[in-house]
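Numbering (this note's numbering), first residue to last: 25 to 318.
Set out below in structure tokens:
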């Protein structure tokens, strides 16, 4: 068992920018000694072209993003940003291959669920989960059903669009109804929550959603384990406690164990005003995955 990290890669941010670049190194450090943590490899360009629109990729690799497109992304475009995104997607692809071979795959990055087939949005250049699913089908012969459990505080709008007409992928998104993105896309199951939801209401909604997803009978699960659901997050607008997030993760891991199928865990969002809380919550997710499923 191993995990992949982008902690060895960085990019410049304007002073005061809220993107939590610190957490990738912080989580890798917190998990040191628990399992091997490897630098995430660069995703094969072929894998990107299996999922994303060729025109978007060609422009990205030759011209980059315009100022308007960078504003939609929420990050200033640079070659360093592009390089890191390539490795984050590569980490999810490699974790997906690990999951098929060993039952569990871990990427200490990824979860960039706002990327659409033909555009960047919401800190997301590539939709790493969509890229991995297309790669497993085309190059690893995986033909089973895939469930995407997206528990980031924000709807996985890009992922929803990727698989809206795909009967072999079920997208489940539990998110803040009034939160970003303002225009929601259609997942297979969207559960929109009001601002300020706490542990018990959230966990009750999750239990009901997982019961619905169970009927899909997936052969592989991707889990976007964003911790921006924590109270005090800059962007999450929900109010789970650390214990609530722990119970959330355990519910997902028990669900997957009951299905008896492989799981891929990707990091997702986390922007707490207390950086230590963000790192601790992310690290605990991976610890629980290992203790529950490895």
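Note that CB positions come from ideal geometry on N, CA and C, so glycine has one too.
Its chain contains 178 as the residues whose beta carbon lies nearer than 6 Å to that of residue 204, once the 5 sequence neighbours on both sides are disregarded; these appear in chain order. Per DSSP, the unbroken beta strand (DSSP E) holding residue 246 starts and ends at 244 to 248. Taking 3 residues as the shortest admissible run, the segment 48 to 74 contains the following complete beta strand (DSSP E) segments, listed from N- to C-terminal end: 61 to 63.
Taking residue 292 as reference, the option from 229, 141, 130 and 59 with the minimal CA-CA separation is 130. Contact between residue 46 and residue 299 is confirmed by a C-beta separation of about 6 Å, below the 8 Å threshold.
Per DSSP, the continuous alpha helix (DSSP H) segment holding residue 312 begins and ends at 299 to 317. For residue 197, the uninterrupted beta strand (DSSP E) run begins and ends at 193 to 200, by DSSP.
Going by C-alpha positions, residue 162 is about 18 Å away from residue 115.
When C-alpha distances from residue 51 are compared across 318, 306 and 313, the shortest belongs to 306. Ranked by Cα distance from residue 119, the first of 143, 79, 91 and 65 is 65. Assignment of beta-bridge partners to residue 295 by DSSP yields no partner.
In the three-state DSSP reduction, residue 288 falls in the strand class (E or B). The segment 142 to 158 makes no contact with the segment 262 to 280, as fewer than three CB pairs between them are under 8 Å. Residue 197 and residue 112 have their C-alpha atoms some 21 Å from each other. Rounded to the nearest angstrom, the gap between the Cα atoms of residue 286 and residue 55 is 21 Å.
In the three-state scheme derived from DSSP, where H, G and I count as helix and E and B as strand, residue 174 is classed as strand.
In the DSSP assignment, residue 117 falls within the unbroken alpha helix (DSSP H) covering 103 to 126.
Assigned with DSSP and collapsed to three states, residue 268 falls in helix. Here DSSP, grouped into helix, strand and coil, assigns residue 257 to strand. Annotated as proximal: residue 26 and residue 59, with beta-carbon spacing under 7 Å. For residue 240, same chain residues with a beta-carbon under 7 Å away, outside a window of 5 residues either side, are 169, 171 and 194 in chain order. Take the alpha-carbon of residue 263 and the one of residue 218: they are about 10 Å apart. In this structure, the CA atom of residue 221 is about 12 Å from the CA atom of residue 202. Counting along the chain, the unbroken alpha helix (DSSP H) around residue 80 starts and ends at 78 to 86. Contact between residue 180 and residue 248 holds, with the beta-carbon distance rounding to 7 Å and staying under 8 Å. Here the alpha carbon of residue 48 sits roughly 28 Å from the alpha carbon of residue 164.
For the pair residue 152 and residue 136, the Cα-to-Cα distance works out to about 6 Å.
Sequence-distant Cβ neighbours of residue 231 in its own chain, meaning closer than 7 Å and more than five residues away, are 275. Here residue 31 carries a coil assignment [DSSP, helix/strand/coil]. Around the Cβ of residue 86, a 10 Å sphere holds fewer than 16 other Cβ atoms; the residue is exposed.
Under DSSP, residue 130 takes part in a beta bridge, and its partners are 27 and 289.
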